[in-house]
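For the sequence shown, position 33 matches number 984 in the working numbering, and the numbering has no gaps at all.
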Amino acid sequence: MFDSVVLGVDPGVASVGLAVVAKRRPRMSVVWSETVRTDATVAEAERLRRISQAVRGAIAAHRPAALALERVMWGQNRTSALSVARATGVIMLAAAEAGIPVDEYAPLEVKMATTGIGNADKGQVRTALMRVLRVDGVPAQTDAADAVAVALCHLQQSALRRAARGAGAR
């Protein structure tokens, strides 16, 4: 069936955007959002523990049907991408331990789902969420707003992805 409550995650190590989005006809609304920040002076293992703890807390408090995660893209800064990949791993583990399915979406997919423009900037994504898609409660903080966009992308595409997986299994 369709997911109606999704935890969207914009992964990172310095900051992680989290947002719980509910699909309630005729609109989608932000139930809760937060930006988790970790201090660069703290050991990476501790930063990852804090991220995992925040995701586990969001799952326990809001009981989402799925977790939608923006996929790590390997660009110029491989060291940064590796840290984000580690954060993504602890986020996925927290979801798996809670029995929640995880779907990943490329940044291009998220931007296309929210703005229709693959190279949209963070401001355009937030504006589209509020004005075009009329999502209630979009947070001002950009990482949390990006997490809303990831959740919205999942709400739009999850049924199609499941159908495609089912067709491929035949």
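Backbone N, C-alpha and C define an ideal beta-carbon position, used for all residues, glycine too.
A quick note: this is a predicted structure, and the numbers were derived from the prediction, not measured.
Query, Result
"My output table needs one value for serine 955: the three-state DSSP class, helix, strand or coil.", "coil"
"Comparing C-alpha positions only, which one of Gly1067, Arg998, Ile1010 sits nearest to tryptophan 983?", "Ile1010"
"Which stretch, first to last residue, makes up the beta strand (DSSP E) that contains glycine 1088?", "Per DSSP, glycine 1088 belongs to no beta strand (DSSP E) and is neither H nor E."
"Would you mind working out which of Thr992, Ala1019, Ala1032 sits nearest valine 957, comparing C-alpha positions?", "Ala1019"
"I need the boundaries of the beta strand (DSSP E) containing arginine 988, first residue and last residue.", "978-988"
"For methionine 952, collect the residues of the same chain with a Cβ closer than 6 Å to its Cβ; drop the 5 residues on either side in sequence, then sort them by chain order.", "With a pLDDT of only 39 at methionine 952, under 50, the local geometry of the prediction cannot be trusted, and the value read off the model is given with reservation. Excluding positions up to five away in sequence, the list is empty."
"Determine the closest residue to valine 1061 out of Leu1044, Gln1075, Lys974, Pro1052, with distance taken between C-alpha atoms.", "Gln1075"
"Going by the DSSP bridge assignment, what does aspartate 961 pair with across the sheet?", "Gly968"
"Tell me the residue span of the alpha helix (DSSP H) that contains alanine 894.", "A query on residue 894 cannot be resolved here, the shown segment of the chain reaching from 952 to 1121 and no further."
"Helix, strand or coil for leucine 1023? Go by DSSP, reduced to three states.", "Residue identity differs from the one stated: residue 1023 is valine in this sequence, not leucine. If DSSP states are grouped into helix, strand and coil, valine 1023 belongs with coil."
"Could you tell me if glutamate 995 is buried or exposed, where buried requires 16 or more neighbouring beta carbons within 10 angstroms of its beta carbon?", "exposed"
"Between Ala1096, Gln1107, Gln1108, Leu1103, which has its C-alpha nearest glutamate 985's C-alpha?", "Ala1096"
"Considering only the alpha carbon of each residue, which of Val960, Val1006, Val981, Gly1117 lies closest to glutamate 1048?", "Val1006"
"Identify whether aspartate 1072 lies in helix, strand or coil by the three-state DSSP scheme.", "coil"
"Which residues in the same chain have their Cβ closer than 8 Å to the Cβ of valine 1023, if we skip the five residues on either side of it in sequence?", "Pro962, Ala1032, Val1035, Ala1036, Thr1039"
"Return the Cβ separation of valine 960 and valine 1101 in integer angstroms, given the expectation that the two are a contact with Cβ distance under 8 Å.", "6 Å"
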